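Here the structure is laid out as structure tokens; the discussion comes afterwards.
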Amino acid sequence: MDGANDVILAVWADVKTSPLGQESKLLRRIGGMEVLRRTAQRIARVRQAGTKVIFCPTNQREQIEPLVAGLPVNVQGVDFNLPGYWAGIQSARKWAKTGWRGGLMGACYFDEDLLPTVQYGLAKQCSARSMVVVPAAAALVDPQIIDRQIEQHLSYRDDYKIAFTQTPPGLSGAILTLDLLGQLAQTGQLAGSALAYLPDSPKPDFISRPCNLSLDPAITQTAVRLICDSNRSMNLMDQLLKELPEESLCAKTIVAWVKQNGLRHLSHWPDEIEIELVSGWATPSSYRPTPDRGRGPIDAERLMSRIAELTGECDDLLVTLGGFGEPTKHPEFARIVAGLKEAGVWGICLATAGLFDEKTAETIINLPIDVVLVHLDVPEPALYQQVMGVDGYQKVMGNIDRLLGLRGERRQPLPLVIPEMVKTHATIELMEEFTKTWTRRVGWGVIQGYSDYAGQLGDLAVSSMAPPRRRPCRRLWSNMMILADGNVAVCDRDFQGKTVVGSINNHRLIDLWQGQRLGDLREAHLAGRYEMNDLCPACRHWHRH
């Protein structure tokens, strides 16, 4: 093969389960056509690739072949087991699903569809030097962008083993050389880790290099998932296909439509619900507020029932057990976590101060938790004691070690254990060492900006990260906060629970989410009337995702 002919395009299709673990939508129809048929039609228009392959479990080949009949796409049955680290990729991408990168462990959108051992074998079979990887559920993938990616990749293939572009997930693919596929197959590394910060070998960000195809900022700055793997994205893309003519479906028109019309379709359900199981911390003081009056423990049975009502429709719901207290102190903590997973919650994060006993650590490891976010907050023993009012630093560190050790003993990829610090004037000098330490140990560390909770606390922030021009709060359309007394707060800055939209004790979550109180507040924000809620005018965290 010469030039572009030694670049093949591969799509991994499974009609039962999506790469991120949901029920596959490949056989469902949007715009009058099956999702996989739409994807196959789009990749068939890629001119710069040679062979186009859809590989699938052997027992699904007879279902898939009729869907792509008449298109220049080969269907191959391949029997394989998912690699042992796959649950880690799923968990890493759940909280970054709308971005091309930014997942825990450095995971990028293309890691979701990358099975190096299988794809290395396919590439060798086709005598290919490079492979384009495209999601099977990318029903709106832009063939012109992929053609441009391949052209640029061929010009720089000897210098870069990977090529990508910064589109929303689902509009483009990633290109890997045969050498890189073989390397990943042997090491079990993520391809996205090639783009991640490595403290022991720092390098310029690859987005400034020719392995990245530069595109219009209108495209690259759109945070939306255009992969048909959830009811949310299916609803969005089905509506898009009803309103846009087929001949206009390119990245530019798609993102323009999404920016104009997408919000109301994407926000039909909350993306994430934070649940406070009990209020109150294990330390006398903290960078995190404690309500004046104790709340909870939350009614476990009522909570699980309400969540189950929501997940009956919403199959990509994320839940963080956190709020303004230590979740593991709830007497039915383990039952709640297991019950949420059984109820259909897609991803579960435990946000903890890390001051629990050995038995709790074993409980956490045995539960279906994706991420344990440890509020280390102050990553230095003496300063930790000064801020928290207790000598607990070593206990937190010991519990992180214990969780990692137990996970290693069980040879399981989950939960991902991620320490978090808070950036203040007192801790700013600790940031670099914190990042280096935890990137080496667990692949990631979170640095959270200090919040004064809309002026309710003293201001310890180094600087405000809010853009200069005030805009509507993003989280009004994406996040819900359930307090330990069952009340649903307007937002997660309201730690006192002063402004609520209702209670799970007598309302369904979907009714509260779509109800008039939140609806009126959203409309007020869109109109620039932030004074409707007492906390909004002083808030400096309205720009957060």
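In terms of this note's numbering, the sequence shown has 1786 at position 512, counting the first letter as 1, and numbering is strictly consecutive.
We treat Cβ as the ideally placed atom computed from N, Cα and C, and that holds for glycine.
Computed from a prediction, not measured in an experiment: that's the story for all the values here.
Asked                                                                                                                                                                           : Found
Counting only the same chain and skipping the five closest in sequence on each side, list residues whose C-beta sits under 7 Å from that of TYR1471.                            : THR1713
What is the DSSP secondary structure of ASP1590, reduced to helix, strand or coil?                                                                                              : coil
Name the DSSP beta bridge partners of LEU1595, please?                                                                                                                          : ILE1549 and LEU1624
Output needed for GLY1462: all residues of its chain with C-beta closer than 7 Å, excluding positions within five of it in sequence on either side, in chain order.             : PRO1357 and TYR1359
By the 10 Å Cβ neighbour count, where 16 or more other Cβ atoms means buried, how is THR1701 classified, buried or exposed?                                                     : buried
Looking at the unbroken beta strand (DSSP E) that takes in SER1579, where does it start and where does it end?                                                                  : Unbroken run through SER1579 is the alpha helix (DSSP H), 1574-1585; no beta strand (DSSP E).
How big is the Cα-Cα spacing for ASN1486 and ASP1503?                                                                                                                           : 26 Å
Hey, which unbroken runs of the beta strand (DSSP E) at 3 residues or more fall wholly within the region 1507-1533?                                                             : none
Using DSSP bridges, identify the partner residues of MET1754.                                                                                                                   : ILE1547
Determine, using beta carbons only, whether ALA1284 and GLN1393 come nearer to each other than 7 Å.                                                                             : yes
Could you work out which residue in ARG1538, ARG1483 and GLN1418 is closest to LEU1800 when comparing CA atoms only?                                                            : ARG1538
With DSSP collapsed to three states, give me the class of ALA1635.                                                                                                              : helix
Taking all protein chains shown into account, do 16 or more other C-beta atoms lie within 10 angstroms of the C-beta of THR1451, making it buried, or fewer, making it exposed? : buried
Comparing alpha-carbon positions, which option in PRO1484, GLU1425, LYS1477 and SER1467 lies nearest ASP1433?                                                                   : PRO1484
Mind checking which residues open and close the alpha helix (DSSP H) that includes LEU1800?                                                                                     : 1790-1800
Using CA coordinates, which residue listed in HIS1542, SER1522 and GLN1495 is at the minimum distance from CYS1588?                                                             : HIS1542
Specify, as a first and last residue, the run of the alpha helix (DSSP H) that HIS1817 falls within.                                                                            : Per DSSP, HIS1817 belongs to no alpha helix (DSSP H) and is neither H nor E.
Where does GLY1554 fall in DSSP's three states?                                                                                                                                 : strand
So TRP1374 and PRO1442 are supposed to be a Cβ contact under 8 Å. How far apart are they, rounded?                                                                              : 7 Å
Taking the alpha helix (DSSP H) that GLU1706 falls in, what are its first and last residues?                                                                                    : 1705-1716
Starting from the Cα of LEU1792, find the closest Cα among ILE1778, ASP1726 and VAL1762 and give me that residue.                                                               : VAL1762
Should the region 1633-1645 be called in touch with the region 1663-1682, which here means at least 3 C-beta pairs below 8 Å?                                                   : yes
Among residues of its own chain, excluding the 5 on either side of THR1634, which ones have a beta-carbon nearer than 6 Å to its beta-carbon?                                   : THR1602
On the criterion of 16 or more Cβ atoms from any shown chain inside 10 Å, does ARG1749 qualify as buried, or is it exposed?                                                     : buried
Under 7 Å, do SER1467 and GLY1380 count as touching if we go by C-beta distance?                                                                                                : yes
Whose C-alpha, out of LEU1455, LEU1795, LEU1523 and SER1401, is nearest the C-alpha of LYS1435?                                                                                 : LEU1455
Return the CA-CA distance between ILE1424 and GLY1802, expressed in angstroms with no decimal places.                                                                           : 44 Å
The alpha helix (DSSP H) spanning GLY1672 covers which residue range?                                                                                                           : 1667-1683
Which residues in the same chain have their Cβ closer than 8 Å to the Cβ of ASN1753, if we skip the five residues on either side of it in sequence?                             : PRO1544, ASP1545, GLU1546, ILE1547, GLU1548, CYS1765 and ASP1766
Determine contact between the region 1565-1582 and the region 1725-1737, defined as no fewer than three beta-carbon pairs at a distance below 8 Å.                              : no
Just to confirm, are SER1507 and ARG1499 a CB contact at a threshold of 7 Å?                                                                                                    : yes
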